[in-house]
Amino acid sequence: MKVYLLKSKGKGIVPDYIQVRSDTYAIIGYFKASNPDKGLDEIGIEDDARRQRATALFEQLEYGKIIEAEL
């Protein structure tokens, strides 16, 4: 599944978030960066290998930069 990922930095008590967007830039997932498993459940990624690859991508994301990824 081709998606676009964006990590946004929280301020104060607001946590960091990750947005997962479709190829038309519609939001298909929005979750706390500290809890990526919930987000992967939300977008329907259940395969362990895909989950590990996605989690590694989330950890490497830079704040404010949109990247194209294959999940």
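The working numbering numbers the first residue of the sequence shown as -10 and each following residue consecutively. A virtual CB, placed ideally from N, CA and C, is assigned to each residue, including glycine.
If you compare alpha carbons, which of the options is closest to residue i?
i	options	result
PRO4	ASP30, ALA22 and LEU60	ALA22
ASP26	GLY1, SER11 and ARG40	ARG40
ASP36	LEU60, GLN49, GLY18 and ILE2	LEU60
PHE20	PHE47, ALA58 and THR13	PHE47
Output needed for residue i: all residues of its chain with C-beta closer than 6 Å, excluding positions within five of it in sequence on either side, in chain order.
i	result
LEU(-5)	GLN8 and ILE55
ALA45	none
GLY18	VAL9, GLY28, GLU31 and ILE32
MET(-10)	LEU60
Let me check one thing: in DSSP terms, what residues is residue i bridge-paired to?
i	result
VAL3	None; VAL3 has no bridge partner.
LYS(-9)	GLU59
Going by beta carbon distance, what residues of the same chain come within less than 8 Å of residue i, once the five residues before and after it are set aside?
i	result
TYR52	LYS(-4), SER(-3), LYS(-2) and ASP5
Point to revise | Ordered list of beta strand (DSSP E) runs contained in the stretch 6 to 52, each at least 3 residues | key: 6 to 10 and 16 to 21
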